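In UniProt numbering, the protein residues as written are 1 to 252.
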């Protein structure tokens, strides 16, 4: 289970806001990989005469979202178990979006095919996925996961799939979409303290290690990252180079 970090939320709102502002207010929207539901709840305010459904494979996250965002306060918002390959949602959505979640799906081509099947004709798809283009962070993660304390948990692990611009174009063009924009956006993101960076890692890269060890695991990531790139911490601020691929497409 994981909660969206504040940076994830900022990324998501910046990505979604121009599209949300153009809505009529009666659309039916699907959020795939909704996590704790905070972003889903934000989106529901733009379609007060419509519906927003948030799905996530984590039962704990779905239960948390239902508890935090009650039907009395958010009558147009629902949460249920599901993921990118869930087949039983119907083909009735005007807009489907997903932010920082598709990297956890190992069959991304099938995911895009399913997304197309869930949209109405001329429905819109918005996908944002981390580009994971920080070589120092990649190296830090590899080093920690190879450590004897952690390596048994990753023995049969299928790595997360961070696709390229070229792969994104292929997925869109071969699954029934017309691309509007596919862009790799590089950023240097400031974190006010170690805890904020820790929250981002925990939200973006859910750990395979036991829950009781997770904090130690993530803190070793951060320690190794600083060892490899000590200049990332300066003047009381932590700076990390990240990137994200943003996809806007229309169903044919």
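Glycine residues also receive a C-beta, built at the ideal position from the N, C-alpha and C atoms.
Given the structure is predicted, the values throughout are model-derived calculations rather than measurements.
- Unbroken alpha helix (DSSP H) runs of no fewer than 4 residues, entirely contained in the UniProt domain "Methyltransferase" (25-131), are found at 38-44, 59-68, 108-118, following chain order.
- With respect to residue 91, residue 28 sits apart: the two C-beta atoms are not nearer than 8 Å.
- The beta carbon of residue 154 sits closer than 6 Å to the beta carbons of 145 from its chain, once the five residues preceding and following it are set aside; these are given in chain order.
- Within 10 angstroms of the beta-carbon of residue 8 lie 16 or more other beta-carbons, which makes it buried.
- For the 8 Å CB-CB criterion, residue 78 and residue 53 form a contact.
- Contact annotation: residue 249 and residue 179 have beta-carbon atoms nearer than 8 Å.
- By the Cβ-count criterion, residue 187 is exposed, with fewer than 16 other Cβ atoms from all chains shown falling within 10 Å of its own Cβ.
- The DSSP-derived three-state label of residue 155 is coil.
- The continuous beta strand (DSSP E) containing residue 184 extends over residues 177-191.
- In summary, residue 73 is exposed, with fewer than 16 beta-carbon neighbours lying within 10 Å of its beta-carbon over all protein chains present.
- Pairing residue 137 with residue 80, the inter-Cα distance amounts to about 33 Å.
- Segment contact: the region 168-176 against the region 214-227, fewer than three CB-CB distances shorter than 8 Å; contact not assigned.
- In the structure shown, the three-state DSSP call for residue 203 is helix.
- Taking 8 Å as the cut-off, the beta carbon of residue 192 is found no closer than this to the beta carbon of residue 150.
- Under the three-state reduction of DSSP, residue 242 is assigned to strand.
- Look at residue 163 here: in three-state DSSP terms it is coil, with no helix or strand label.
- According to the DSSP assignment, residue 144 belongs to the alpha helix (DSSP H) that extends over 135-146.
- Under the 10 Å beta carbon count, residue 63 is surrounded by fewer than 16 other beta carbons and is classified as exposed.
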